[in-house]
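Colleague:
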Amino acid sequence: MLAALAVFLAGCGGGGGSSVSGGAGIGPINVEGLAAADPTQNPQAPWNALVVLDASLPLVTVNGSPVVNFAVRDAGGNLVRGLKLTGAANCGGSNAKFTFAKFDGSDWQNLTQAGSSAASFDDAAGATLAENAAGHYTYRSATSVAATKDGATVHRVGMRLCFTDPATGATVKVNPYLDFTVGANGTGNPVKDGQNRLTARRVADKASCNECHQTLAARHDDGLVDPNMCVTCHNKGSVHFATGNSLDFKLMIHKFHMGKQLKKDYRLSTFVARLSSGGVVAGVDYPQEQRNCVKCHDGSASAANRTPDGENWKTRPGKNACWACHDDYKDTTSAWYAKHQGATLAGVDRDNPDIASDSACQTCHGDTAPKINTAAVHAVPEWVNGANYQYNIHAVTWNADRTVSVEFSVINPVNGSAYDIKGASFANLTLLFGWGDGDYSNAGAVDASGALIPGGQPVAINVASKAVAVAGTNNRYRVTSTVVPASASGTSVVALQGGILLTGVNGVPYTVPVKDAVSYFAIGGSGSAIPRRTVVSADKCNTCHGRNINMNNHVPSHAANSNDPAVCVICHNGNSVLNGTTVAGGAVTALPESAHFKRMIHMKHKAQGANYPVMPSTLRTAPSALGSYTGYTGVRNCDACHVNGSYMVDMGTMGSSTKLDVALAANSANATITDTDPSNNPVISPKAAACSSCHDDDTAKNHMINVGGAAFGTKTQGDIAGGTAVYEACYGCHASGGVAPVDTKHGLK
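For the sequence shown, the residue numbers in our numbering are 69 to 817.
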């Protein structure tokens, strides 16, 4: 919608921009201004800016009460008519709401509501919105504001704009905004860059937010979709009416993204970043490293969502942003207190830190400070050191005794040198060997003693203990697998995974994740290896999860040893379940959920809580079996994770096991899995296993059974493998072109 929508502030012409006709009844359009709002014309400024239209009208005037002139185009390029301040048929009764703010050099301050009360939109009472015959609008505020008429101080007008697009029928929710200065006569002049293009103060861009949030929508008004609108109300002195907590945007947002890792509770009514009660800590689990500051604000030349002020976190750190996360700064036992012992020389009294100025922080932590500048102390050592390691699989050989030999190396891609992997740093390296027809089942896998491996797990060989140096090479090694069963056929997979074990300068060990290496080979040594289908992309995962998918500071998940979905699925197959089978009195009393990758991952992102598992048994474990996760707002956007429309057709050939054999002799909350024959495991049939992981109520389940032919624990893995026991007819309706295609039902078309 960004490229299709044009919002124009009527205003002063000139400025070097050429003009073209704006259509019947519309004055000349400043092309330069239009381009600033349209990323197809000016990718340097891809945000919804209020821009110049009719040169015969003033842009903004601020002589007491602000006056704003603007026009709106729909997706078809036509003017949108009939916008209302109140009494609109949709959009909560209002098509347009306005905010006005002034930038003091460090922070925004709302001009219509001062003091500690949370600011809001300009009061519509007494304000007017007039539409002229040409389709232009004039908004006249009833609130007198104190603008600084020096031609230099930056002001901002922002609009919460919501309307039904006549061209598409879609509800459009955008937040156009314009930064301007005010002359002595009260006329507003747009802020422009050195190339005479509209620009604005932006630390973060909504495009960065939407990489995870998909469509950012503030909880108290889902028409607020841009952080550069939010800052006009969430000012430094604003506090929440009920909790007294600060609403300063930078503090509030940092706290909600720090979440459960905060030391102190922070909430705004029912919106909780962290809340502790009875020894239990609830709150937000941010899906990646909080130290990855450039995820949200990045002004570097290579940034995907570059912002003019995106480097401020490095050059102008301030106490509200810093203490938002380092919230135990007043505790005498905190790391912050210990490290600021002599900080009074820099203008910070650690026993009374709140009186410090932001400039005091910048003295030590600005971009020129050695070692303790903000960028340096937020560097993620796992990522920094990860650049020095790369896994390579050079050759896979099928042997006559049905074993597989793998030649591999670990190199430093910076200089090309190969490591000697016999050191302690490489003790975690593991080679996985898996197989299966369509999906990995690893049936018949045996360990070094020849014993069957339970739970659908692959052959896993520790590299450091089993690798043999390859003669005539520079630190290339060979590992040979156990025997691949005669029942295995087709294509098999080998993966090299595991983190590098290092010790930090503080003596604390840490694990450096390295991208997994994967190779496919034909069982039997003849024929062509057919790589497993690609369903999701690690790069897409990392859009929200940072690097290496599972590497963050609070959700261990194998310490990112497995960081490619192509490797995850080797172990997380239909024959595996999560930990947590409970045994009491020689019987299973509680079941865990399936660890089948597609089911587990959908569940994690849906965060269904107590609603799962969907299966015919009343036995279940607590949601903590999957960890504590907040709902992923983009769960309906299948394309956020899937590639090439893979969600449209589930090619899975295995069901998701709902129960398997465990040791019953001793009571246990996590019984040992003993299941080596998954053929008798009750399962959820393949397609239903994916769909019911999100669509988990009884109505959905009954639909899948009665209309789709799904099975929920009434068939076994052996039945599914036979190919005749279950026929899921989902695609009769849900395929592309059907009466209810998956993409249409998920809002993707």
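Idealized CB from N, CA, C, for every residue including glycine.
Treat the numbers as computed from the prediction; the structure is a model and nothing was measured.
What's the gap between the Cα of residue 352 and the Cα of residue 194?
Modeller: Whole-angstrom Cα-Cα distance: 41 Å.
Colleague: Starting from the Cα of residue 143, find the closest Cα among 811, 427, 233, 340 and give me that residue.
Modeller: Cα-wise, what sits closest to residue 143 is 233.
Colleague: Going by DSSP, what residues sit across from residue 168 in a beta bridge?
Modeller: In DSSP, residue 168 forms a bridge with 225.
Colleague: Strictly by DSSP, which residues pair up with residue 783?
Modeller: Residue 783 is bridged to 751.
Colleague: According to the Cβ coordinates, are residue 530 and residue 550 closer than 7 Å?
Modeller: Result no, Cβ atoms of residue 530 and residue 550 do not sit closer than 7 Å.
Colleague: Specify the secondary structure class of residue 384 as computed by DSSP and reduced to three states.
Modeller: Residue 384: coil per DSSP, three-state reduction.
Colleague: Should residue 400 go down as buried or exposed, given a rule of 16 or more other Cβ atoms within 10 Å for buried?
Modeller: It is exposed - the Cβ of residue 400 has fewer than 16 other Cβ atoms within 10 Å.
Colleague: To the nearest angstrom, how far is it from the Cα of residue 574 to the Cα of residue 361?
Modeller: Each residue's alpha carbon lies about 23 Å from the other.
Colleague: Three-state secondary structure (DSSP) at residue 295?
Modeller: Residue 295 falls in the helix class under three-state DSSP.
Colleague: Going by CA-CA distance only, name the one from 810, 770, 301, 127 that's closest to residue 704.
Modeller: The option with the nearest alpha carbon to residue 704 is 810.
Colleague: Leaving out five residues before and five after residue 638 in sequence, what residues of the same chain have Cβ atoms less than 7 Å from its Cβ?
Modeller: Correct list, in chain order: 500, 502, 508, 526, 561, 563.
Colleague: Below 7 Å CB to CB, which residues in the same chain sit around residue 578 once its five sequence neighbours on both sides are set aside?
Modeller: 449, 450, 570, 572, listed in sequence order.
Colleague: Taking all protein chains shown into account, do 16 or more other C-beta atoms lie within 10 angstroms of the C-beta of residue 775, making it buried, or fewer, making it exposed?
Modeller: The residue in question, residue 775, is exposed, as its Cβ has fewer than 16 Cβ neighbours within 10 Å.
Colleague: Taking the alpha-carbon positions, what's the residue 99 to residue 373 distance?
Modeller: Confidence at residue 99 is low in this model, with a pLDDT of 29, below 50, so its placement is unreliable and the value that follows should be read with caution. In a straight line, the C-alpha of residue 99 is about 23 Å away from that of residue 373.
Colleague: What do you get for residue 288, buried or exposed, if any count of 16 or more other CB atoms within 10 angstroms of its CB means buried?
Modeller: Looking at its Cβ environment, which holds fewer than 16 other Cβ atoms inside 10 Å, residue 288 is exposed.
Colleague: By alpha-carbon positions, which one of 307, 321, 311, 584 ends up nearest to residue 284?
Modeller: Comparing Cα-Cα distances from residue 284 to each of 307, 321, 311, 584, the minimum goes to 321.
Colleague: Contact check, residue 146 vs residue 235 under 8 Å by CB: the rounded distance?
Modeller: At roughly 7 Å, the Cβ-Cβ gap stays under 8 Å, so residue 146 and residue 235 are in contact.
Colleague: Whose C-alpha, out of 791, 789, 784, 753, is nearest the C-alpha of residue 773?
Modeller: The option with the nearest alpha carbon to residue 773 is 753.
Colleague: Answer yes if the segment 333 to 352 comes into contact with the segment 364 to 378, meaning at least three C-beta pairs across the two stretches below 8 Å, and no otherwise.
Modeller: Because the criterion of three Cβ pairs below 8 Å is not met, the segment 364 to 378 and the segment 333 to 352 do not touch.
Colleague: Considering just the uninterrupted stretch of the beta strand (DSSP E) at residue 667, what are its terminal residues?
Modeller: Per DSSP, residue 667 belongs to no beta strand (DSSP E); it is in the alpha helix (DSSP H), 665 to 674.
Colleague: For residue 644, which option in 673, 209, 272, 742 has the closest C-alpha, if you only look at C-alpha atoms?
Modeller: Checked all of 673, 209, 272, 742; the closest Cα to residue 644 is 742.
Colleague: Sort 630, 479, 513, 474 by Cα distance to residue 589 and report the nearest one.
Modeller: Checking every option, the nearest Cα to that of residue 589 belongs to 474.
Colleague: Along the chain, where does the beta strand (DSSP E) containing residue 818 start, and where does it finish?
Modeller: Not covered by the structure: residue 818. The range shown for the chain is 69 to 817.
Colleague: Tell me which same chain residues have a C-beta within less than 8 Å of the C-beta of residue 685, skipping the five on either side of it?
Modeller: In this prediction, residue 685 has a pLDDT of 30, which is less than 50 and means its spatial position is unreliable; what the coordinates show is noted afterwards. Excluding residues within five positions, the ones whose Cβ falls inside 8 Å are 659, 726, 727, 781.
Colleague: Might you give, ordered along the chain, the residues of its own chain that have their beta carbon closer than 7 Å to the beta carbon of residue 718, omitting 5 neighbours on each side?
Modeller: Closer than 7 Å at the Cβ level, and outside the excluded window around residue 718, lie 754, 755, 758.
Colleague: Exposed or buried, residue 309, counting other C-beta atoms within 10 Å across all chains shown (16 or more means buried)?
Modeller: So residue 309 counts as exposed.
Colleague: Below 6 Å CB to CB, which residues in the same chain sit around residue 729 once its five sequence neighbours on both sides are set aside?
Modeller: Result list for residue 729: 742, 743, in chain order.
Colleague: Which ranges would you report for the alpha helix (DSSP H) in the segment 358 to 407 if only whole runs of at least 4 residues count?
Modeller: Complete alpha helix (DSSP H) runs here, min 4: 380 to 383, 387 to 393, 403 to 407.
Colleague: Exposed or buried, residue 805, counting other C-beta atoms within 10 Å across all chains shown (16 or more means buried)?
Modeller: Result: exposed.
Colleague: Which ranges would you report for the beta strand (DSSP E) in the segment 470 to 528 if only whole runs of at least 3 residues count?
Modeller: Within the segment 470 to 528, the complete beta strand (DSSP E) runs of at least 3 residues are 472 to 479, 498 to 503.
Colleague: According to DSSP, what are the bridge partners of residue 461?
Modeller: In the DSSP output, where bridge partners are listed per residue, residue 461 has 476.
Colleague: Hey, quick one: how far does the beta strand (DSSP E) through residue 453 stretch, first residue to last?
Modeller: Run containing residue 453: none in the beta strand (DSSP E); it sits in the alpha helix (DSSP H), 449 to 454.
Colleague: So, are the CB atoms of residue 304 and residue 316 less than 7 Å apart?
Modeller: Against a cut-off of 7 Å, the Cβ pair of residue 316 and residue 304 comes out as a contact.
Colleague: Are the CB atoms of residue 211 and residue 129 within a distance shorter than 7 Å?
Modeller: No, the Cβ-Cβ distance between residue 129 and residue 211 is not below 7 Å.
Colleague: Go ahead and pull the three-state DSSP assignment for residue 134.
Modeller: Of the three classes helix, strand and coil, the one that applies to residue 134 here is strand, per DSSP.
Colleague: Quick check on the burial criterion: 16 or more other C-beta atoms within 10 angstroms. Buried or exposed for residue 641?
Modeller: Result: buried.
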